[in-house]
Structure formats: structure tokens, C-alpha cells
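Counting from 1, position 92 in the sequence shown corresponds to residue 92 in the UniProt record's numbering; the numbering is continuous, with no gaps. Glycine residues also receive a C-beta, built at the ideal position from the N, C-alpha and C atoms.
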Amino acid sequence: MNKNKKINVKGVDILLYQNNHEDFISLTDIARHKDPNHTDDLVKNWMRNRNTIELLGFWETIYNPNFKPVEFEGFRKQAGLNSFVMTPKRWIIHWQYKILYTAIVNFNEYTRNEK
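What follows is the structure in C-alpha cells.
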């Protein structure tokens with residue numbers, strides 16, 4: 001069962017989404033607090049940060065039985081380099097990891113993006 005819920009943090013509505021008893025929070029809504037016109041850039045910059053990649057990899061190690069640590073290691077070494085680019089969609093499609101769930105908002109309903 002899919003559920004949507006909003007919380008307001010410092011004047012910004014942030015969508016919380018539940019799917020199959022897993023909870024998700026909108027990174028775009030969080031980024032909107034910093035710069036409402038460039039949320040995609042903020043999320044990409046956050047995701048290319050080495051500390052973020054380390055955190056995401058740690059989470060995947062614990063919660064994703066399909067996690068591939070050897071493949072991830074090569075990927076982790078690129079994090080933080082000027083040439084390194086990461087997006088939530090790339091994370092999901094390329095690595096098939098679970099921590100990020102890409103969705104689009106359409107009349108307050110979420111639809112999962114398929115490959």
C-alpha cells in the first residue's frame with residue numbers, strides 16, 4: 001500500500017512516502033529549502049560527495065542482499081573527483097541499489113520510474 005504524508009520543516013513542505021512498509025523522504029523537497037530553482041543540481045552535488053557515497057554504500061551493505069561490494073569499491077573511489085557525476089536515477093539503474101527510490105509527482109501521486 002502506498003501512502004503519502006507531508007511534514008513542514010522551516011516553511012518547506014517535505015513529502016514522506018511509504019511503499020511496501022518502506023519509508024522514503026523527498027530529497028527534492030529538502031533541496032527546495034536551499035534553492036527552489038535548482039533542486040536537481042543540489043541533489044546531484046550532494047550525491048557526488050564522497051561522504052554521501054560512503055553513507056549510501058554503508059546502508060546498502062546492511063539492507064540490500066543484492067549489494068555488490070567489489071563493484072561498489074571501484075565506484076566509491078571515483079566519488080569526489082571533478083569528473084564524477086551521480087544522480088538518484090543513475091544510482092538506481094546502474095547499481096540497482098535500494099536506498100534511493102526515484103519517483104515523479106503527478107497530482108500528489110507517486111509513480112515509480114522504470115528503466
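Which residues mark the beginning and the end of the alpha helix (DSSP H) in which residue i is found?
i   : result
D41 : 39-48
D29 : 27-34
When we look at the beta-carbon of residue i and count the other beta-carbons within 10 Å, is it buried (16 or more) or exposed?
i   : result
S83 : exposed
E22 : exposed
N53 : Per the sequence presented here, residue 53 reads as Ile, with Asn not at that position. Counting Cβ neighbours within 10 Å, I53 comes out buried, since at least 16 surround it.
L56 : buried
E71 : exposed
E73 : exposed
So, using beta-carbon positions, are residue i and residue j closer together than 7 Å?
i   : j   : result
T87 : K34 : no
L16 : I25 : yes
R32 : V12 : yes
Output needed for residue i: all residues of its chain with C-beta closer than 7 Å, excluding positions within five of it in sequence on either side, in chain order.
i  : result
M1 : In this prediction, M1 has a pLDDT of 48, which is less than 50 and means its spatial position is unreliable; nothing more can be read from the coordinates.
K5 : L16
Enumerate in chain order the residues of its own chain whose CB-to-CB distance from residue i is below 6 Å, with the five nearest sequence positions on each side excluded.
i   : result
I7  : I14
T28 : T39
G80 : R50
I62 : none
Which one or two residues does DSSP pair with residue i in a beta bridge?
i   : result
Q78 : None; Q78 has no bridge partner.
Near residue i, which residues of its chain fall below 8 Å by C-beta distance, leaving aside the five closest residues on each side in sequence?
i   : result
R48 : A79, G80, F84, V85, M86
W46 : L27, A31, T52
I need the boundaries of the beta strand (DSSP E) containing residue i, first residue and last residue.
i   : result
V12 : 12-19
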